[in-house]
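Numbers given in my numbering equal positions in the sequence shown, counted from 1, plus 94.
Just so it is clear, CB atoms sit at the ideal spot from N, CA and C, and this is done for glycine as well.
Inspection log for the structure reproduced underneath, given as structure tokens.
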Amino acid sequence: MNRPKIYITRLIPQFGIDLLKATCDVEINPHDRPLTRQELLAQIKGRDGIVTMLTDKVDAEFLDAAAGVKGVANFAVGFDNMDVKEATKRGVPLSNTPGVLTNATAEMAWALLFAVCRRVVESDGVMRAGQWPGWAPLQFIGGDVTGKTLGIVGAGRIGAAMARKSRGFDMPVLYCDADQNEKLEQELDAKKVEFEELLAASDFISVHVPLLPETRHLFGAKQFKMMKKTAYLINTSRGPVINEAELVDALKNGDIAGAGLDVYEFEPKMVDGLKDLNNVVVAPHTGSASVSAREGMSRLVAENILAMVAGTPAPTCLNPEIYKK
Ligand code: DGY
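Laid out in structure tokens, this is it:
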């Protein structure tokens with residue numbers, strides 16, 4: 095029997111590769127960079143299954159080039175890089191990696207929250223530059239966390255995990271989401287509020303929405319002006335949810351106290367001025383970069399691909415309706 099031909103657009107943790115190699119022929123992008131569009135379109139021809147990254151656009155052109163593919167598995171929970179409607183129309187299953195990176199991403203949001211509010215990176219820079227003159231009562235005073243209000247925008251898996259981890263800090267939790275999260279309300283006494291109320295009442299706002307037409311630029315100059323001047327904004331979801339140029343202005347003008355960012359509007363670039371600000375902490379989209387999360391993602395993409403090439407529903411399929419046709 096012919097072994098299915100699998101292409102992986104970027105080296106991933108070995109566990110998933112080994113799982114695939116047991117029954118499939120696997121080829122991996124040999125470069126330590128995303129493939130150019132031309133390279134990608136050439137490499138995906140004639141494959142039975144393809145593992146993509148959030149940097150690969152899976153659209154009509156991709157699906158044309160990959161004609162005959164039995165499935166495409168995204169190595170990410172976010173799938174704004176995939177045209178699900180187009181793939182569904184063509185009967186091509188797509189999948190993502192939910193669940194396995196929930197805690198890692200929520201932990202990253204907390205890391206950014208503390209780093210920006212207690213000025214960890216800024217003071218680390220002073221220490222490394224040998225510029226610390228010694229202890230002083232007015233040095234590097236930052237914000238408080240305990241007892242402050244946490245606002246969660248998007249109370250799905252990751253937003254809810256972020257909220258749950260606030261328990262040790264006795265924080266009242268507000269959230270906004272299209273759906274009610276009754277479990278979160280019972281567990282934490284979390285309160286579902288309108289977006290505007292959350293903006294006005296929160297001391298920390300953590301963003302956990304997918305990138306959709308309606309969430310693009312959810313945060314801009316108007317929303318920053320509605321926030322407390324002492325509030326911090328944390329984003330581990332997708333960069334374009336925030337108008338980054340307007341965030342730079344808000345941080346410069348003191349409309350908000352600070353921001354912790356893991357994602358950017360024009361990755362891998364940051365907009366001009368962002369890196370010059372002390373009241374922002376920036377990480378290179380590493381929310382899911384923990385050992386267990388990346389291993390889990392590697393395992394899950396492999397399980398998805400194996401199901402897809404066998405013609406059975408993938409465990410975390412994004413368009414399961416194709417199997418009902
Ligand atoms: C995701 O999974 O969507 C993250 O952004 C990358 O792991």
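Counting Cβ pairs, one atom from each stretch, are 3 or more of them under 8 Å apart for the region 266-273 and the region 238-252? Segment contact: the region 266-273 against the region 238-252, three or more CB-CB distances shorter than 8 Å; contact assigned.
Following a CB-centred definition, is His125 positioned closer than 7 Å to any heavy atom of the ligand DGY? Here residue 125 corresponds to residue number 31 of the sequence shown, with the count starting at 1. His125 has its Cβ no nearer than 7 Å to any heavy atom of the ligand DGY.
On the premise that Leu148 lies in contact with Gly172, defined as a C-beta separation below 8 Å, what is that separation, rounded to the nearest angstrom? Stepping through the sequence shown from its first residue, residue 172 is reached at position 78. Stepping through the sequence shown from its first residue, residue 148 is reached at position 54. Indeed, because the Cβ distance is near 6 Å, the residues count as touching under 8 Å.
Proximal residues to Arg104 (C-beta, below 6 Å), its chain only, five neighbours per side dropped: Here residue 104 refers to the residue found at position 10 when the sequence shown is read from its first residue. Contacts found: Asn123, Met147.
Do three or more CB pairs link the region 215-222 to the region 290-307 at distances below 8 Å? The region 215-222, when compared against the region 290-307, does not touch it at the 8 Å Cβ threshold.
In angstroms with no decimal places, state the Cα-to-Cα distance between Val194 and Asn373. Working through the sequence shown from its first residue, we reach residue 194 at position 100. Working through the sequence shown from its first residue, we reach residue 373 at position 279. Straight through space, the alpha carbons of Asn373 and Val194 are spaced by roughly 31 Å.
With hydrogens ignored, establish whether the beta-carbon of Val335 is closer than 7 Å to any heavy atom of the ligand ADP. No copy of the ligand ADP appears in this structure; the ligands present are the ligand DGY.
Could you tell me whether the region 238-245 touches the region 351-363, using the rule of 3 or more Cβ pairs below 8 Å? With fewer than three CB-CB distances shorter than 8 Å, the region 238-245 does not count as touching the region 351-363.
Only counting the same chain, and skipping five residues up and downstream in sequence, which positions put a Cβ closer than 8 Å to that of Pro409? As a first step, residue 409 must be located in the sequence shown, where it is residue number 315. Here the set comprises Ser189, Leu394, Glu397, Asn398, Ala401.
Residues in the same chain with beta-carbon distance under 7 Å from Val186, minus the five sequence neighbours each way, listed in chain order, please. Stepping through the sequence shown from its first residue, residue 186 is reached at position 92. Result list for Val186: Leu157, Val163, Gly165, Val166, in chain order.
On the DSSP bridge assignment, give the partners of Phe329 in chain order. Walking along the sequence shown from the start, residue 329 turns up at place 235. Here residue 329 turns out to be Asn, not Phe, going by the sequence shown. Asn329 is bridged to Val301, Leu355.
Could you tell me the boundaries of the beta strand (DSSP E) in which Asn168 lies? Looking up residue 168 in the sequence shown gives position 74. Segment 165-168, the beta strand (DSSP E) holding Asn168.
Below 6 Å CB to CB, which residues in the same chain sit around Leu312 once its five sequence neighbours on both sides are set aside? Position 218 of the sequence shown, counting from 1, holds the residue named residue 312. Closer than 6 Å at the Cβ level, and outside the excluded window around Leu312, lie Val335.
Euclidean distance between Cα positions of Gln137 and Leu207: Translated into positions along the sequence shown, residue 137 becomes position 43. Translated into positions along the sequence shown, residue 207 becomes position 113. If I take the Cα positions, the gap works out to 40 Å.
Quick one: grab the DSSP three-state call for Ser189. Taking the sequence shown and counting its residues from 1, the one referred to as residue 189 is at position 95. Correct three-state label for Ser189: strand.
Please report how far the alpha carbon of Leu129 lies from the alpha carbon of Ile106, in whole angstroms. For the purposes of this step, residue 129 is identified with residue 35 of the sequence shown, where counting begins at 1. For the purposes of this step, residue 106 is identified with residue 12 of the sequence shown, where counting begins at 1. Cα to Cα, Leu129 sits roughly 14 Å from Ile106.
In angstroms with no decimal places, state the Cα-to-Cα distance between Gly314 and Ala404. If you number the sequence shown from 1, residue 314 lands on position 220. If you number the sequence shown from 1, residue 404 lands on position 310. Looking at the two C-alpha atoms, the distance is approximately 46 Å.
Would you kindly work out how many angstroms separate the C-alpha atoms of Gly352 and Arg141, rounded to a whole number? In the sequence shown, the residue the question calls residue 352 occupies position 258. In the sequence shown, the residue the question calls residue 141 occupies position 47. Distance from the CA of Gly352 to the CA of Arg141, rounded to the nearest whole angstrom, comes to 46 Å.
Residues that Leu135 bridges to, as DSSP identifies them: Along the sequence shown, one-based indexing puts residue 135 at 41. Answer is none; Leu135 lacks a bridge partner.
What does a CB cutoff of less than 6 Å around Leu292 pick up in its chain, not counting 5 residues either side in sequence? For this step, residue 292 is matched to residue 198 along the sequence shown. When the five nearest sequence neighbours on each side are left out, the beta carbons in the same chain lying within less than 6 Å of the beta carbon of Leu292 are those of Gly245, Leu268, Cys270, in order along the chain.
For the structure I just gave you, are there three or more beta carbon pairs, one from the region 258-268 and one from the region 222-235, closer than 8 Å? Segments in contact, no.
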